[in-house]
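Position one of the sequence shown corresponds to residue 213 (this note's numbering), numbered consecutively onward. From the three backbone atoms N, C-alpha and C, an ideal C-beta is built for every residue, glycine too. In what follows, a structure is listed as structure tokens, so that the remarks can point back to it.
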Amino acid sequence: MIATDLRDRLLAILGPAGLVEDADTIAPRLRDHRGRYVGRTPFAIRPATVDELAGCMAILHEAGIAMVPQGGNTGLVGGATPDESGAQVLILTDRLRAVREVDPAGDTITVEAGCTLAEVQAAAEAADRLYPVSLASEGSCTIGGTLSTNAGGVHVLRWGNTREQVLGLEVVLPDGRIWNGLRALRKDNTGYDLKQLFIGAEGTLGIITAAVLKLQPRPRGRAAAFSAVPDVEAAVALLQRLRAAAGEALTAFELMPEIGLGFVLKHMPGRQRPLADASPWYVLAEIASQGTDQADVMEAALADAVEAGLVRDATIATSEAQAKALWALREDMSDAQRPEGASLKHDVSVPVPRIAAFVAEATAAVLARDPGVRICCFGHVGDGNLHFNLSQPLGAAAADFMARTAEFARLVHDIVHAHHGSISAEHGIGRLKVAEIAHYQDQVELDLKRRIKTALDPRGLMNPGKVVGP
Ligand SMILES: Cc1cc2nc3c(=O)[nH]c(=O)nc-3n(C[C@H](O)[C@H](O)[C@H](O)COP(=O)(O)OP(=O)(O)OC[C@H]3O[C@@H](n4cnc5c(N)ncnc54)[C@H](O)[C@@H]3O)c2cc1C
Numbered sequence: 213m214i215a216t217d218l219r220d221r222l223l224a225i226l227g228p229a230g231l232v233e234d235a236d237t238i239a240p241r242l243r244d245h246r247g248r249y250v251g252r253t254p255f256a257i258r259p260a261t262v263d264e265l266a267g268c269m270a271i272l273h274e275a276g277i278a279m280v281p282q283g284g285n286t287g288l289v290g291g292a293t294p295d296e297s298g299a300q301v302l303i304l305t306d307r308l309r310a311v312r313e314v315d316p317a318g319d320t321i322t323v324e325a326g327c328t329l330a331e332v333q334a335a336a337e338a339a340d341r342l343y344p345v346s347l348a349s350e351g352s353c354t355i356g357g358t359l360s361t362n363a364g365g366v367h368v369l370r371w372g373n374t375r376e377q378v379l380g381l382e383v384v385l386p387d388g389r390i391w392n393g394l395r396a397l398r399k400d401n402t403g404y405d406l407k408q409l410f411i412g413a414e415g416t417l418g419i420i421t422a423a424v425l426k427l428q429p430r431p432r433g434r435a436a437a438f439s440a441v442p443d444v445e446a447a448v449a450l451l452q453r454l455r456a457a458a459g460e461a462l463t464a465f466e467l468m469p470e471i472g473l474g475f476v477l478k479h480m481p482g483r484q485r486p487l488a489d490a491s492p493w494y495v496l497a498e499i500a501s502q503g504t505d506q507a508d509v510m511e512a513a514l515a516d517a518v519e520a521g522l523v524r525d526a527t528i529a530t531s532e533a534q535a536k537a538l539w540a541l542r543e544d545m546s547d548a549q550r551p552e553g554a555s556l557k558h559d560v561s562v563p564v565p566r567i568a569a570f571v572a573e574a575t576a577a578v579l580a581r582d583p584g585v586r587i588c589c590f591g592h593v594g595d596g597n598l599h600f601n602l603s604q605p606l607g608a609a610a611a612d613f614m615a616r617t618a619e620f621a622r623l624v625h626d627i628v629h630a631h632h633g634s635i636s637a638e639h640g641i642g643r644l645k646v647a648e649i650a651h652y653q654d655q656v657e658l659d660l661k662r663r664i665k666t667a668l669d670p671r672g673l674m675n676p677g678k679v680v681g682p
């Protein structure tokens, strides 16, 4: 229960538009994207300026009230949902939405945390530049969310994770102090790189309010190709060939299984099978560069791969519309699993040379445990990142399958661990994987993370219960 005078002090800072108390308005914000968690909050605050946010956080900190930041609420590990106590205040960043500066000469953009990723991409494009992070959720996820989860996406192969795009940050600390680290420097060797602490911290150390991001030259053209491959080994071999042929211009390399393509064709209207015959696996690859020969490079590399038996059939998009249609098949893959019932998701990574062995071992282990499970394994193979998702057996009860979450997670994660991989490649830890990461992470590493948390948030008020356990 939050005292009325405290609410009134917040209201005085925020004005009526900044304090959300209507239950129906808040409700969608209290449920995480996957519907695994439903939290409660006394009210949500929506500051319109950094100073408003800082003022509110100082008040909440002084009163010992926990704060949960939320951007687009597209996170997949329950990180942006308050707990069920009703005591944690939800902080929405959607009014911190200015593009503060676009600097084509310096190849940077300075944006506030509540801008959607798509808005930042569009602002970069208007200046004839590229902000290269790209996710299927880009229309709704925010820059603050992508920074706080160090989001990956389909272009990591070429441009790296979100962490690699950041030059400077502005952050409100748990006690309301503002750290202005909005530097646009390519070189700044002045000791600990503080911004890196907040990137990927999932809101547990402070609230990111703005960032200086790097921009890239916009590729003048791209060639997207959809190839049928016989197995995962062939997909990994194709990756090496395309890298050798295209070098840095290989911007994406995504693996998809026939079962996943089948889900998309069945549930997503307007989608079409790109190749005549079905194949166990497919690769969607893209070459993008300043030159004009992307399609030629792609065609020659694929012709070689066909000859070597790595590719059975392939199609290269000859128009932007065709490229978009191919990408839609990949982007729809997560959503297309929903109508198939309960799905247990494992966002994992292993070193690229171990991908095929991991998929074979994990598939055998899951099917040995339950032959009815439908494995939908897809993802960013160029980065060693797979979404090893398990759809419930046909006819099974969804709740019964969900009840086996921990059992299958341990089964899959043990194999990931044996291959020196990560149990969270790009989605983060949130609330979902706090216990799991404590099981696998090196004790020294875990201890250091807890000490960092205590140093920056000694009262434990920033997004408690997420990322690091007690
Ligand atoms: C269809 C779909 C596809 C996706 N594809 C990908 C993908 O390819 N790669 C990938 O990495 N992720 C992917 N995601 C996951 C998700 O979109 C990303 O994690 C995204 O970065 C979350 O952004 P958000 O604004 O929605 O953050 P939210 O969900 O609102 O929050 C995520 C976390 O960040 C914290 N947070 C949010 N804003 C701030 C802030 N300003 N300061 C401090 N902490 C903050 C929250 O407390 C929470 O812990 C996908 C999700 C969906 C639904």
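By how many angstroms is the C-alpha of residue j removed from the C-alpha of residue i?
i	j	result
W539	P481	15 Å
T216	V280	20 Å
V624	E648	12 Å
E498	P605	34 Å
R432	A500	7 Å
D547	P565	29 Å
A554	D626	22 Å
P228	Q534	47 Å
A363	N373	6 Å
D405	I303	26 Å
I419	V384	5 Å
G356	F465	26 Å
A437	A513	11 Å
I214	A299	7 Å
D263	L660	31 Å
Q506	L462	10 Å
H273	L673	7 Å
Q333	T358	13 Å
Cβ atoms of residue j and residue i: under 8 Å apart, would you say?
i	j	result
D559	E638	yes
A440	L381	no
G633	S561	yes
P429	Q502	yes
V593	A447	yes
V523	A517	yes
F255	L218	no
L417	K645	no
A423	V366	no
G412	R643	no
R221	I257	no
L427	R370	no
F570	H631	yes
V495	L450	yes
F620	L668	no
T293	D244	yes
E470	S491	yes
Could you tell me which residues DSSP pairs with residue i in its beta bridges?
i	result
H592	N597
V323	V311, A423
M674	M279
R341	P429
R542	Paired residues: none, contrary to the question.
N285	None, per the DSSP bridge assignment.
T527	F438
P469	W493
G267	G267 is not bridged to any residue.
T402	T402 is not bridged to any residue.
G380	V424
D559	H599
I225	None, per the DSSP bridge assignment.
R586	S603
A500	R434
R243	V250
Could you tell me how far apart the beta carbons of residue i and residue j are, in whole angstroms, since I believe they sit closer than 8 Å?
i	j	result
E414	N675	7 Å
G251	C353	With a Cβ gap of about 19 Å, G251 and C353 do not count as contacting.
R603	Q549	Note that residue 603 is Ser in the sequence shown, not Arg. Correct: roughly 6 Å between the Cβ atoms.
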